[in-house]
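> Okay, handing you the structure first.
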Amino acid sequence: MKYAIDTAIGQKRVLCKGLIIIVLILFISIPVSAQEKPEVKQESTPEQVFQAIIKPYQSLSDYTVKIQAKVMIPGFRMPDFAADLYFKRPDKFHIATKSFAPIPRNSGFFDPFQFNPEKNRITFIQTVNLEDMQAELYKVEPGESETRVRFYNVWIGGNPRRILQVENHSFKGTKALVKLTYMNVEQGSENWLMPEKAHIHLTFPEGMQSHDNSSFLMKDNPVSAGRTKPEEMQGEGDIDISYSDWHINTGLDDSLFQ
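Under the numbering used here, the sequence shown has 82 at position 92, and the numbering climbs by one with no breaks.
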């Protein structure tokens, strides 16, 4: 009788051990997602993304570049023109041309520090497919009260990561969508990623008067200085700009921008 009891107890112990082993095996085989999830590494913040875009240009203090531009705006006849563009940090611009140059103030000039996260409020919107390339769309709201732009949509992508496209929305309703392509500019021991071409698509609100157009143009060219004003613009138009002969960090004098 005692032998029968001991045998039964032994069988129960073996059965319990077997059940424990089975439970352990099942637990180990459960996917991590079904167990307590480990801490996920946080994605880069919008501020970090734009700081990374600016970082390669930190040693850039000024540049000069030649442009060739073609203006295609219905009702606004203008021949193709050439100009020299000048930039000096933090935000000085100058344009030299034999004719007037209707270059959008916030679109035709390349300012690598324009979207500095310390001076703008930046919000991630979504990841999108931009011409078969994955890109991130951000909304950038200027922090400076005197700006004439209400906000920008900025698309970032590519390798190396760069600004692929910018759409600015002015307070008066004018929009400019800028698509950029880049080139490598070697100067000394440094290599810079600078614009090669820009296609600017302009949208003018109906009934926009010529004096409103000045907010879209560089303040030191004849159009925005008031010496020459295009007729009333409305509808849509395009500007194609090609950049060449970049010269970086040549020590431009402040008097050039006065």
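Note that the Cβ used here is the ideal one computed from N, Cα and C, for glycine as well. In this text the structure is predicted, and so the values were computed from the model without any measurement.
#1: Between 48, 81, 166 and 234, which lies nearest to residue 227 when the distance is taken from Cα to Cα?
#2: With distances taken from CA atoms, which of 45, 40, 38 and 49 is nearest residue 239?
#3: Identify, in the order they occur along the chain, each residue of the same chain with its Cβ nearer than 6 Å to the Cβ of residue 54, setting aside the five sequence neighbours on each side.
#4: Measure how close the beta-carbons of residue 133 and residue 162 come, nearest whole angstrom, since I'm counting them as under 8 Å.
#5: Within a Cβ cutoff of 7 Å, which residues of the same chain sit near residue 144, ignoring the five residues on either side of it in sequence?
#6: What span of residues does the beta strand (DSSP E) with residue 177 cover, start to end?
#7: Output needed for residue 123: all residues of its chain with C-beta closer than 6 Å, excluding positions within five of it in sequence on either side, in chain order.
#8: Applying the criterion that 16 or more other CB atoms from any shown protein chain within 10 Å of the CB defines a buried residue, is residue 115 buried or exposed?
#9: Between residue 80 and residue 191, what straight-line distance do the alpha-carbon atoms span, to the nearest angstrom?
#10: Count the other C-beta atoms from every protein chain shown that fall within 10 angstroms of the C-beta of residue 126, then say buried if there are 16 or more, exposed otherwise.
#11: To which residues of the same chain is residue 37 closer than 8 Å at the C-beta, ignoring the five residues directly before and after it?
#12: Which runs of the beta strand (DSSP E), 3 residues or longer, sit entirely within the stretch 44 to 103?
#13: Give me the Cα-Cα distance between residue 87 and residue 34, rounded to the nearest whole angstrom.
#14: Would you call the CB atoms of residue 66 and residue 58 closer than 9 Å?
#15: Nearest CA to the CA of residue 78: which residue from 51, 45 and 233?
#16: How is the beta strand (DSSP E) around residue 242 delimited, first residue to last?
#17: Residues in its own chain within less than 6 Å of residue 168 by CB, not counting five upstream and five downstream?
#18: Just verifying my parser: in three-state terms, what is the DSSP assignment at residue 248?
#19: Please tell me whether residue 92 and residue 183 are closer than 9 Å, where the distance is taken between their beta carbons.
#20: Buried or exposed, going by whether 16 or more other CB atoms sit within 10 Å of the CB of residue 164?
#21: Under the DSSP definition of a beta bridge, which residues are partnered with residue 113?
#22: Consult DSSP for residue 141 and reduce its assignment to one of helix, strand or coil.
#23: Determine the burial state of residue 73: buried for a count of at least 16 other Cβ atoms within 10 Å of its Cβ, exposed for fewer.
This is what the structure holds:
#1: Shortest Cα-Cα distance from residue 227 to any of 48, 81, 166 and 234 involves 166.
#2: 49
#3: Contacts found: 76 and 237.
#4: In fact, because the Cβ distance is near 20 Å, the residues do not count as touching under 8 Å.
#5: Sequence-distant partners of residue 144 (beyond 5 residues in either direction) whose C-beta falls short of 7 Å from its own C-beta, in its chain, are 105, 128, 130, 153 and 156.
#6: Annotation for residue 177: the continuous beta strand (DSSP E) segment containing it runs 165 to 177.
#7: 147
#8: exposed
#9: 27 Å
#10: Around the beta carbon of residue 126, a 10 Å sphere encloses 16 or more other beta carbons of the protein chains shown; the residue is thus reported as buried.
#11: 107 and 112
#12: List check, beta strand (DSSP E) in window: 52 to 62, 71 to 78 and 82 to 86.
#13: A straight line joining the alpha-carbon of residue 87 with that of residue 34 spans about 42 Å.
#14: No, the Cβ-Cβ distance between residue 66 and residue 58 is not below 9 Å.
#15: 51
#16: Residue 242 -> no beta strand (DSSP E), and no H or E assigned at all.
#17: 97, 156, 188 and 190
#18: Coil, per DSSP.
#19: no
#20: Counting Cβ neighbours within 10 Å, residue 164 comes out buried, since at least 16 surround it.
#21: 129
#22: strand
#23: buried
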